[in-house]
Amino acid sequence: MFTHREEGTKMTNKNGFEIRLEVLKMAKEMLDQQHAEASNIYWTSVNTLAETWNKSVTELLEQTKTMQPTMYSPEDIMKKAQELYGFVAKKD
């Protein structure tokens, strides 16, 4: 059993399923954050370029379509979770 302690809460014992669920949640949150940041950078760049080049955003979207961040897949979440869980399962 793993003992997990969050600030302001009591100690709780988590079984393997609960730990894996927490790791999946962490992986999804990390990928959500990465996608949000990449999307913000992309849209800021497109808007800035539209103003600088005096073009419409629609026109630039067509030209930069391949640069637009893609949403992650469930497989990406599993890969990230396995990466994170490797740390938890590691016995040093």
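In terms of the numbering used here, the sequence shown opens at residue 314 and continues consecutively.
We treat Cβ as the ideally placed atom computed from N, Cα and C, and that holds for glycine.
Length of the line joining the Cα atoms of residue i and residue j
i: A351; j: K327; result: 34 Å
i: T361; j: M343; result: 27 Å
i: G329; j: L373; result: 48 Å
i: S386; j: E335; result: 18 Å
i: M314; j: D405; result: Its pLDDT being 46, under 50, M314 is placed unreliably in this model, and the value from its coordinates should be taken loosely. The straight-line gap from Cα to Cα measures roughly 17 Å.
i: Q346; j: M384; result: 11 Å
i: T379; j: T325; result: 46 Å
The beta strand (DSSP E) enclosing residue i, as first and last residue numbers
i: K327; result: 325 to 327
CB contact flag (residue i, residue j, <9 Å)
i: Y355; j: Q376; result: no
Endpoints, the alpha helix (DSSP H) within which residue i is located
i: D389; result: 387 to 402
Report yes or no: do the region 386 to 402 and the region 331 to 339 share at least 3 C-beta pairs separated by less than 8 Å?
Contact between the region 386 to 402 and the region 331 to 339 is present, because at least three Cβ pairs lie under 8 Å.
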